[in-house]
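Take a look at the structure set out below.
There are 2 protein chains.
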Amino acid sequence: MLTNIKINEDRLWNSLNEMALIGATDKGGVNRQALTDLDKESRDLFIKWCKEENLTITIDQMGNIFARREGKNNNLPPIMSGSHLDTQPTGGRYDGALGVLSALEVVRTLNEFNYSTEAPIEIVMWTNEEGCRFPPAMTGSAVFSGLHDLSSALAIQDQEGVKLGSELERIKYNGSVACKSRPIAGFIEIHIEQGPILEMENKNIGVVTGAQAQKWYEVNITGMEAHAGPTPMEIRKDALVASSEVVLLVNSIGNNFQPGGCATCGVLEIVNPSRNVIPGNCFLTIDFRHPDDDKLKKMDEILRKTIKLIEKDKKVKIEIKQILELKSNSFNKSIINTIKDVTHKLKFTNKEIISGAGHDAVNINSIAPTAMIFIPCIDGISHNEIEDIHKEDAIRGAEVLLHSVVELANNSSKIINN
Amino acid sequence: MLTNIKINEDRLWNSLNEMALIGATDKGGVNRQALTDLDKESRDLFIKWCKEENLTITIDQMGNIFARREGKNNNLPPIMSGSHLDTQPTGGRYDGALGVLSALEVVRTLNEFNYSTEAPIEIVMWTNEEGCRFPPAMTGSAVFSGLHDLSSALAIQDQEGVKLGSELERIKYNGSVACKSRPIAGFIEIHIEQGPILEMENKNIGVVTGAQAQKWYEVNITGMEAHAGPTPMEIRKDALVASSEVVLLVNSIGNNFQPGGCATCGVLEIVNPSRNVIPGNCFLTIDFRHPDDDKLKKMDEILRKTIKLIEKDKKVKIEIKQILELKSNSFNKSIINTIKDVTHKLKFTNKEIISGAGHDAVNINSIAPTAMIFIPCIDGISHNEIEDIHKEDAIRGAEVLLHSVVELANNSSKIINN
């Protein structure tokens, strides 16, 4: 490890603060949704900073931006690092921006110290990671990885019927380079944890070993609406009582699949609710996650089997539809080990962690050796304007990224596919 | 009993059908909310029909309409019968209208047979029974009974801020007669059951012995919003899981207070729901009913005690606020016995029943001897455009009303206060 090279703490922090001004909200967060004028402004600033570092900019058909710093041997595939600059409507300052600007800080530091790596380095900004305006999420990296078709991605519409492709054109980020996979020696994304584990366990760095498998469901429960006064308990077909049984079932499945299982009902809606009417129809959603695909399959089986019992017991009809399935992801062991090694050498505490949320890195992992670095976020809060981090955590994360990228770029031939 | 007098089946049925045209909906129901132009139209039609029967019309300050048929001794206080003509937005054809038009049919029949009762008879149409446009419900009868202040009732606003009093003026039903209690020998209201018991038990007539006590609550549950992916089960403060425990608690309290107890959560709302966010805040309503005030008090105690346990167990804050309390009501035994006696003589099956819903009769019961007659409604459905009844049930109900009213009007001095 290059012990004489260090990132510039204030330069990193100031860049994060400057980027957070674009779309800044009154509550201290950021509303910078994909392909809006504010997204364009953040892209322009990012490119300006990259050009100041003499990087070569490439923009592909999905608006993904690559900023390349040549190495000693430019026939080698690059080491790539980055994340996204778009945010949720009530987003925070660091979700995404931390990953892009930490990668920029790595390059700025190497330029400052006039240090050349063997392989080239590329900073990347992926288009439409959040997917709140143009669902689904992580579209830019999905098309790049061949997991999503380019033309259907460009045809995605927002709630007003505006197409992703036409917004890319409007903000002039419809690049000409094909959006498709090419040789990448390794990809590292640094991101806030978006959960409370590192903070609770007082760890500096999360070494992300993979991402959870996910299954999402929609559930419709049909009972019979009736007047809450004159309808005896024993003949009711109360859709909300049945829904509540489902919510508690989901919660107990999560609790019974520890360690690692997560189970959440995020939405529950009564159709035409009224204080003195027994609910006749309810809609709810289920989000199941587990690092182990087999365990998730088992969670699914228990859910479906027990719902049948609730259906019979509560005299309602329950329809369950799986609407999303993501297999679990294991990141690249060589890169994980490099990150862990650097963390030890820097004398930072670390913990192996599984990502609960989706990230662009999960898509890139399907085409190139990939891993992630997490830093703690305060109270585990994200997708919220009060999302926050400690400056020293951002600095530690960027240091780990710097030395990991240099190590990998100088030894890219040693990265072994899992 | 006057065996030679019978109501005119088709006249009753045709009047119900004609009234149902005012505010008729595509699905076969009625939307004729209080003090709208349609309400005025139904009042005008009712008064036209009353005038054809030579009745004397009085309109009071709340727009309650009284149509009087003199008796042999007009110093006696009247026997009164009626209900309301306003409906829910998705109301049915018979909820309310049946009570007004059955009372009209009683008078039409007596006129047709040229039969004079001892005491006078009054048909009444109470203003704003439903309370959906101008909450709370049953305002006209409440002001008449001294249970609600006139000026505050006139000041009730709808969702657009329009006052009940100014709408009364606009439709020209702001009468000059004081809206206040006066001597009434007895009050009978006929109404659809709004529940399934008579139909299930195959009974023609419900002899209503009283109304349930009620307690309504609003509950706010505060946990902590967090990302459904990276937040471990054991540290969650899931407001929806806690809400589901409350829903099942409410349901089990209802089941444990049989016979007679009813317990319903009609509304449950998650604040800012999202599929992959653990719900942080929920709102729900509870509707508790029991014929016995002491049992209802016990239900309340168990609710509050158990909610404390849920609060602790689920690591959330639960605030519960009682927003309504109605004591139980016992109707007048003399009138109940008269109805029962008439039903037997007409060879109709009957069942003593407690009203689960509120009715104008419950208010009038506080100032005059009162009881109610229920007829079955199909599948127990009301407050729904598909609300329906069988013609023969309407006819049986009107027959029972006719002979009960005549019996009471001829023997009003024998009505004993409970």
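First to last, the protein sequences are chains A and B. Position 282 (the first sequence) corresponds to 483 in our numbering; numbering is contiguous. Position 239 (the second sequence) corresponds to 440 in our numbering; numbering is contiguous. From the three backbone atoms N, C-alpha and C, an ideal C-beta is built for every residue, glycine too.
Compare the Cα-Cα distances from residue i to each of the options and report the closest residue.
{"i": "residue 301 (chain A)", "options": "A:291, A:293, A:284", "result": "A:284"}
{"i": "residue 513 (chain A)", "options": "A:602, A:229, A:446, A:342", "result": "A:446"}
{"i": "residue 530 (chain A)", "options": "A:509, A:507, A:495, A:503", "result": "A:495"}
{"i": "residue 557 (chain A)", "options": "A:528, A:568, A:346", "result": "A:528"}
{"i": "residue 553 (chain A)", "options": "A:572, A:506, A:288, A:561", "result": "A:572"}
{"i": "residue 600 (chain B)", "options": "B:296, B:391, B:224", "result": "B:391"}
{"i": "residue 467 (chain A)", "options": "B:456, B:437, B:463, B:449", "result": "B:437"}
{"i": "residue 345 (chain B)", "options": "B:360, B:329, B:333", "result": "B:329"}
{"i": "residue 475 (chain A)", "options": "B:253, B:479, B:484, B:294", "result": "B:484"}
{"i": "residue 382 (chain A)", "options": "A:341, A:375, A:509", "result": "A:341"}
{"i": "residue 610 (chain A)", "options": "A:255, A:308, A:299", "result": "A:308"}
{"i": "residue 544 (chain A)", "options": "A:555, A:596, A:229", "result": "A:596"}
{"i": "residue 590 (chain A)", "options": "A:208, A:217, A:472, A:371", "result": "A:217"}
{"i": "residue 393 (chain A)", "options": "A:362, A:293, A:204", "result": "A:293"}
Please go through the same chain and pick out, in chain order, the residues whose beta-carbon is closer than 7 Å to the beta-carbon of residue i, but skip the five residues on each side of it.
{"i": "residue 546 (chain A)", "result": "202"}
{"i": "residue 384 (chain B)", "result": "278"}
{"i": "residue 297 (chain B)", "result": "284, 285, 286, 287, 288, 330"}
Answer with yes or no whether the minimum CB distance from residue i to chain B is below 8 Å.
{"i": "residue 452 (chain A)", "result": "yes"}
{"i": "residue 417 (chain A)", "result": "yes"}
{"i": "residue 494 (chain A)", "result": "no"}
{"i": "residue 433 (chain A)", "result": "yes"}
{"i": "residue 322 (chain A)", "result": "no"}
{"i": "residue 445 (chain A)", "result": "yes"}
{"i": "residue 490 (chain A)", "result": "yes"}
{"i": "residue 455 (chain A)", "result": "yes"}
{"i": "residue 480 (chain A)", "result": "yes"}
Do the CB positions of residue i and residue j come within less than 8 Å of each other?
{"i": "residue 351 (chain A)", "j": "residue 263 (chain A)", "result": "yes"}
{"i": "residue 565 (chain A)", "j": "residue 594 (chain A)", "result": "no"}
{"i": "residue 232 (chain A)", "j": "residue 318 (chain A)", "result": "no"}
{"i": "residue 451 (chain B)", "j": "residue 487 (chain B)", "result": "yes"}
{"i": "residue 395 (chain A)", "j": "residue 525 (chain A)", "result": "no"}
{"i": "residue 313 (chain A)", "j": "residue 235 (chain A)", "result": "no"}
{"i": "residue 570 (chain A)", "j": "residue 612 (chain A)", "result": "no"}
{"i": "residue 320 (chain B)", "j": "residue 386 (chain B)", "result": "yes"}
{"i": "residue 537 (chain B)", "j": "residue 461 (chain B)", "result": "no"}
{"i": "residue 567 (chain A)", "j": "residue 348 (chain A)", "result": "yes"}
{"i": "residue 541 (chain B)", "j": "residue 408 (chain B)", "result": "yes"}
{"i": "residue 516 (chain A)", "j": "residue 418 (chain A)", "result": "no"}
{"i": "residue 432 (chain B)", "j": "residue 479 (chain B)", "result": "yes"}
Along chain D, in chain order, which residues have C-beta atoms closer than 8 Å to that of residue i?
{"i": "residue 428 (chain A)", "result": "Going by chain labels, chain D is absent from the structure shown, which instead holds the protein chains A and B."}
Return the chain-ordered list of same chain residues with a C-beta closer than 6 Å to the C-beta of residue i, the five sequence neighbours on each side being excluded.
{"i": "residue 608 (chain A)", "result": "539"}
{"i": "residue 357 (chain A)", "result": "335, 365"}
{"i": "residue 550 (chain A)", "result": "404, 405"}
{"i": "residue 266 (chain A)", "result": "260, 326"}
{"i": "residue 535 (chain A)", "result": "616, 617"}
{"i": "residue 323 (chain A)", "result": "267, 269, 279, 281"}
{"i": "residue 228 (chain B)", "result": "586"}
{"i": "residue 500 (chain A)", "result": "454, 458, 489"}
Between residue i and chain A, is the shortest Cβ-Cβ distance under 8 Å, so that the two count as touching?
{"i": "residue 336 (chain B)", "result": "no"}
{"i": "residue 251 (chain B)", "result": "no"}
{"i": "residue 380 (chain B)", "result": "no"}
{"i": "residue 603 (chain B)", "result": "no"}
{"i": "residue 360 (chain B)", "result": "no"}
{"i": "residue 186 (chain B)", "result": "There is no way to answer for residue 186 (chain B), as the model of chain B reaches only from 202 to 619."}
{"i": "residue 577 (chain B)", "result": "no"}
{"i": "residue 439 (chain B)", "result": "yes"}
{"i": "residue 474 (chain B)", "result": "yes"}
{"i": "residue 510 (chain B)", "result": "no"}
{"i": "residue 469 (chain B)", "result": "yes"}
{"i": "residue 262 (chain B)", "result": "no"}
So residue i and residue j are in contact, right, with Cβ under 8 Å, and what is the actual spacing, rounded?
{"i": "residue 239 (chain A)", "j": "residue 220 (chain A)", "result": "The pair is not a contact, with the Cβ atoms about 11 Å apart (cut-off 8 Å)."}
{"i": "residue 482 (chain A)", "j": "residue 440 (chain A)", "result": "6 Å"}
{"i": "residue 430 (chain A)", "j": "residue 477 (chain A)", "result": "6 Å"}
{"i": "residue 251 (chain B)", "j": "residue 260 (chain B)", "result": "No, residue 251 (chain B) and residue 260 (chain B) are not in contact; Cβ-Cβ is about 11 Å, not under 8 Å."}
{"i": "residue 448 (chain B)", "j": "residue 519 (chain B)", "result": "No, residue 448 (chain B) and residue 519 (chain B) are not in contact; Cβ-Cβ is about 13 Å, not under 8 Å."}
{"i": "residue 398 (chain B)", "j": "residue 602 (chain B)", "result": "Wrong, their Cβ atoms sit about 20 Å apart, outside the cutoff."}
{"i": "residue 454 (chain A)", "j": "residue 504 (chain A)", "result": "6 Å"}
Regarding residue i and the ligand SAM, is the C-beta to nearest heavy atom distance less than 7 Å?
{"i": "residue 524 (chain B)", "result": "The ligand content of the structure shown is nil, which means the ligand SAM is not present either."}
Which same chain residues, not among the five before or five after residue i, have their C-beta less than 8 Å away from its C-beta?
{"i": "residue 378 (chain A)", "result": "259, 260, 261, 262"}
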